[in-house]
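Colleague: Structure in structure tokens, see below.
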């Protein structure tokens, strides 16, 4: 029996014992006497009887173990030209000072603190300072619009807000403080005070009696010690988009969060203490929480905090520079970032100028990893490219190739196999299990493992209706996919992205994989649009590699023919439109629902998470000027 099969067998045979053993990887003030308690919430809770502190496990225990001079954080900021390294001892001092400043102004365990900051070291310090006190942080993506920030302030009702004066983009400086001021004008809830980190690029005006200077209060503070909290105490609230337009506040329990991250850092990523680990994400998203801030620090690694873009800061080789310059061993990014790099540098010439010998593994998550992008990255980097699947709600991988246990055979296009704690089922619309290789809803049998959300913040009924009501006894992931004969999971699309064409259930994700395989296509998206005859027909959007000189109409016809050949005539595209860019969230996810609204011609709700609203106007013009086939006939 291999190491992975052995771990799964141990978990299935005795889940409580498995997770209690895993819990030994972190420090407890009071160890839990049992792992799971099914009576404390609608889905149960983990390690509720223990007492623990997240900041101690991420920072202080490494200093206490004699590793204070090890580098904890590398802040690489090509947008400002700064490159800063912080040791664990320095991080401990800085976090303790901020926590002391917050404590002196009344912040205690259970209070909420909203963090609205760019990718700077102080953003991680703010998260860890809250954890040090047992306060519940809620990070809002820096630069989010005032209204969306106000909605989150009213939902979390924070005692304090910690914000940056500005954020730095490749071609502009974004003023955060005016958006914070506008949000506080709109919000019904008012925090006791705000802490403002003044950045040299754009200092802000402070409001007397409310706003405090970050550095000044830290310099004057009495350092605070770590405050132990119950194992099921909320560590943070992270808002994710909801179908009603109102954000859902995912709650992360402290003990399970720490145990899950300690286990995955070792067994999924294979990270060793002292290694350099880089997750190219943002602190406003779940990857930033799990694998920029907490996970690498819990493991005693050096975490890279990158303030830049995959292209444009200054070019499509910036990721390779970071890896070479800092000796990154494990790199984690989104497929959309690689597609952006590949579009600018399809031959990978920029990578050839850097020594990437330190890199051992590349992990992908956040969007479906199309085989063309995976194969391109593997050829260029010469390391295993590991897709894995998880959600904001779970906080860590549901399915992965656990290279820290053993590297299983890679099936390109699959995030591999379920991780311990995840009993995955593929269900039909009636809730019945489906046979292998059959597309259905991906559900997880309860209970969920440690670290997963136990509820939504102040919204238990919404939690039940959103995740538990469709398939009783299961968590509904909202994704569709299938399980093959070897037990590998294939995530094809969101459940809403499965379209019904003339009675055939087709995955738009499968069509995207085929379109992405065209040598001139850098990125693509497929949606379903209404059709009077077939019910729905697929519509494709293609972004071409830079420098492509061939006529767009020829490429569109070739790509559509590939879909028709590989899936069948029923999957004939109604159109394949060539566009310059696709609408995405700031985390890089393609806004397919927004594309559907655009193509449908009805009212468009511009999502607050869209990275550049101007893209929607450009695509709208292309749609209006194109002639979509009314009855889904093939475009070629």
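In UniProt numbering, the protein residues as written are 1 to 636.
By construction, the Cβ of each residue, glycine as well, lies at the ideal position given by its N, Cα and C atoms.
As the structure is a prediction and not an experimental result, all values here were calculated from the model.
1) Assuming the contact rule is C-beta atoms closer than 8 Å, residue 150 and residue 183 should be a hit. Round their C-beta distance to whole Å, please.
2) Out of 118, 3 and 80, which one is the CA nearest neighbour of residue 288?
3) Find out if the Cβ-Cβ distance for the pair residue 343, residue 518 is shorter than 9 Å.
4) Rounding to the nearest angstrom, what Cα-Cα distance links residue 79 and residue 324 in this structure?
5) Taking Cβ positions, are residue 451 and residue 46 nearer each other than 9 Å?
6) For residue 626, count neighbouring Cβ atoms within 10 angstroms of its own Cβ and tell me buried if that reaches 16, exposed if not.
7) Under 8 Å by Cβ, that's how I've got residue 29 and residue 51 pegged, so tell me the actual separation to the nearest angstrom.
8) Using 8 Å for Cβ pairs, my map puts residue 458 next to residue 155. What's the rounded Cβ distance?
9) Restricting to runs no shorter than 4 residues, where is the alpha helix (DSSP H) found entirely within the stretch 80–143?
10) Once DSSP output is grouped into helix, strand and coil, what is the label at residue 1?
11) Would residue 472 be called buried (16 or more neighbouring beta carbons within 10 Å of its own) or exposed?
12) Please report the distance separating the alpha-carbon of residue 187 from that of residue 370.
13) Nearest by alpha-carbon distance to residue 521: which of 554, 437, 536 and 493 is it?
14) Among 573, 207, 143 and 568, which residue has its Cα nearest to the Cα of residue 542?
15) Determine the DSSP secondary structure at residue 474, reduced to helix, strand or coil.
16) List, from N- to C-terminal side, the alpha helix (DSSP H) runs of 4 residues or more that fit wholly inside the UniProt domain "AMP-binding enzyme C-terminal" (511–589).
17) So, under 8 Å CB-CB, residue 333 and residue 400 are touching, yes? Tell me the CB distance rounded to an integer number of Å.
18) With 16 as the cutoff for other CB atoms within 10 Å, does residue 500 come out buried or exposed?
19) Between the Cα of residue 22 and those of 260, 363 and 396, spot the shortest distance and give me the residue it belongs to.
20) DSSP three-state call for residue 18: helix, strand or coil?
21) Spatial neighbours of residue 20 within its chain, please: CB distance less than 8 Å, with the 5 preceding and 5 following residues excluded, ordered by chain position.
22) Jot down the residue ranges of each uninterrupted beta strand (DSSP E) in the stretch 163–215, minimum 3 residues, whole runs only, in chain order.
23) Does the separation of the CB atoms of residue 258 and residue 124 fall below 9 Å?
24) Would residue 162 and residue 303 qualify as a contact pair, given that the criterion is a beta-carbon distance under 9 Å?
25) For residue 621, does the count of other Cβ atoms within 10 angstroms reach 16, so buried, or fall short, so exposed?
26) Output needed for residue 381: all residues of its chain with C-beta closer than 8 Å, excluding positions within five of it in sequence on either side, in chain order.
27) Counting only the same chain and skipping the five closest in sequence on each side, list residues whose C-beta sits under 7 Å from that of residue 166.
28) Thinking residue 329 and residue 266 are a contact (beta carbons under 8 Å), I'd like their distance in whole angstroms, please.
29) Classify residue 313 as helix, strand or coil using the three-state DSSP reduction.
30) Going straight from the alpha carbon of residue 317 to that of residue 40, what length do you get?
31) Give the single residue among 465, 354, 232 and 613 whose Cα lies nearest to the Cα of residue 49.
32) Comparing alpha-carbon positions, which option in 606, 592 and 610 lies nearest residue 586?
33) For the stretch 351–395, list the alpha helix (DSSP H) runs that are entirely contained and at least 4 residues long, ordered along the chain.
34) Could you give the distance in angstroms between the alpha-carbon of residue 138 and the alpha-carbon of residue 16?
35) What is the DSSP secondary structure of residue 239, counted as helix, strand or coil?
36) Tell me the residue span of the beta strand (DSSP E) that contains residue 47.
Modeller: Short version:
1) Locating residue 150 in the chain shown gives position 150, counting from the first residue. Locating residue 183 in the chain shown gives position 183, counting from the first residue. Right, the Cβ-Cβ distance comes to about 4 Å (below 8 Å), so this counts as a contact.
2) Residue 288 sits at position 288 when you count from the first residue of the chain shown. Of the listed residues, the one whose Cα sits closest to residue 288 is 118.
3) Your numbering for residue 343 matches position 343 in the chain shown. Your numbering for residue 518 matches position 518 in the chain shown. No.
4) The residue given as residue 79 occupies position 79 in the chain shown. The residue given as residue 324 occupies position 324 in the chain shown. Cα-Cα distance, rounded: 18 Å.
5) The residue labelled residue 451 in the question sits at position 451 within the chain shown. The residue labelled residue 46 in the question sits at position 46 within the chain shown. The beta carbons of residue 451 and residue 46 sit closer together than 9 Å.
6) In the chain shown, the residue the question calls residue 626 occupies position 626. Exposed.
7) Counted from its first residue, the chain shown places residue 29 at position 29. Counted from its first residue, the chain shown places residue 51 at position 51. The Cβ separation is near 4 Å, so the contact holds.
8) What you label residue 458 is simply residue 458 of the chain shown in a count that begins at 1. What you label residue 155 is simply residue 155 of the chain shown in a count that begins at 1. Rounded, the Cβ-Cβ distance is 7 Å, consistent with contact.
9) Unbroken alpha helix (DSSP H) runs of no fewer than 4 residues, entirely contained in the stretch 80–143, are found at 88–104 and 121–133, following chain order.
10) Numbered from 1 along the chain shown, position 1 holds the residue referred to as residue 1. DSSP places residue 1 in coil when its eight states are reduced to three.
11) For the purposes of this step, residue 472 is taken as the residue at position 472 of the chain shown. The residue is exposed, with fewer than 16 neighbouring Cβ atoms inside 10 Å.
12) Counting from one through the chain shown, the residue named residue 187 turns up at place 187. Counting from one through the chain shown, the residue named residue 370 turns up at place 370. Residue 187 and residue 370: Cα-Cα distance of roughly 42 Å.
13) Within the chain shown, residue 521 is the residue found at index 521, counting from 1. Closest by alpha carbon: 554.
14) Taking the first residue of the chain shown as 1, we reach residue 542 at position 542. With distances taken between Cα atoms, residue 542 lies closest to 573.
15) Locating residue 474 in the chain shown gives position 474, counting from the first residue. Reduced to three states, the DSSP call for residue 474 is strand.
16) Segments of the alpha helix (DSSP H) lying fully in the UniProt domain "AMP-binding enzyme C-terminal" (511–589): 552–567.
17) Indexing the chain shown from 1 puts residue 333 at position 333. Indexing the chain shown from 1 puts residue 400 at position 400. Taking C-beta atoms under 8 Å as the contact rule, residue 333 and residue 400 fail to qualify, at a distance of about 15 Å.
18) Translated into the one-based positions of the chain shown, residue 500 becomes position 500. So residue 500 ends up on the exposed side.
19) Position 22 of the chain shown, counted from the first residue, corresponds to residue 22. Minimum Cα distance to residue 22 is reached at 260.
20) As a position in the chain shown, residue 18 is number 18, starting the count at 1. Helix.
21) Counting from 1 along the chain shown, the entry for residue 20 is found at position 20. Setting aside the 5 residues that flank it on each side, residue 20 is surrounded in the same chain by 32, 34 and 35, each with a C-beta closer than 8 Å to its C-beta; the list follows chain order.
22) Within the stretch 163–215, the complete beta strand (DSSP E) runs of at least 3 residues fall at 166–169, 172–175, 193–197 and 211–213.
23) Taking the chain shown and counting its residues from 1, one reaches residue 258 at position 258. Taking the chain shown and counting its residues from 1, one reaches residue 124 at position 124. No, these two residues do not count as a Cβ contact at 9 Å.
24) Stepping through the chain shown from its first residue, residue 162 is reached at position 162. Stepping through the chain shown from its first residue, residue 303 is reached at position 303. Not closer than 9 Å, so no.
25) If you number the chain shown from 1, residue 621 lands on position 621. Under this definition residue 621 is an exposed residue.
26) As a first step, residue 381 must be located in the chain shown, where it is residue number 381. Cβ neighbours of residue 381 beyond the five flanking positions: 351, 356, 359 and 362.
27) On the chain shown, position 166 is the one that residue 166 refers to. Only 173, 174, 175, 176, 199, 201 and 202 meet the Cβ criterion.
28) Counting from 1 along the chain shown, the entry for residue 329 is found at position 329. Counting from 1 along the chain shown, the entry for residue 266 is found at position 266. The C-beta separation of residue 329 from residue 266 comes to about 13 Å, leaving the pair out of contact by the 8 Å criterion.
29) Residue numbering aside, residue 313 sits at position 313 when the chain shown is read from its first letter. In the structure shown, residue 313 sits in coil (DSSP, three-state: anything other than H, G, I, E or B).
30) Locating residue 317 in the chain shown gives position 317, counting from the first residue. Locating residue 40 in the chain shown gives position 40, counting from the first residue. Rounded to the nearest whole angstrom, the C-alpha separation of residue 317 and residue 40 is 50 Å.
31) Position 49 of the chain shown, counting from 1, holds the residue named residue 49. Closest by alpha carbon: 232.
32) Within the chain shown, the letter at position 586 stands for residue 586. The residue with the shortest Cα to Cα distance from residue 586 is 610.
33) Those alpha helix (DSSP H) runs which fall completely within the stretch 351–395 and span 4+ residues are 371–381.
34) Your numbering for residue 138 matches position 138 in the chain shown. Your numbering for residue 16 matches position 16 in the chain shown. Each residue's Cα considered, the two are about 30 Å apart.
35) The count along the chain shown starts at 1 and reaches residue 239 at position 239. DSSP places residue 239 in strand when its eight states are reduced to three.
36) By one-based count along the chain shown, residue 47 stands at place 47. Careful: residue 47 lies outside any beta strand (DSSP E) and carries neither H nor E.
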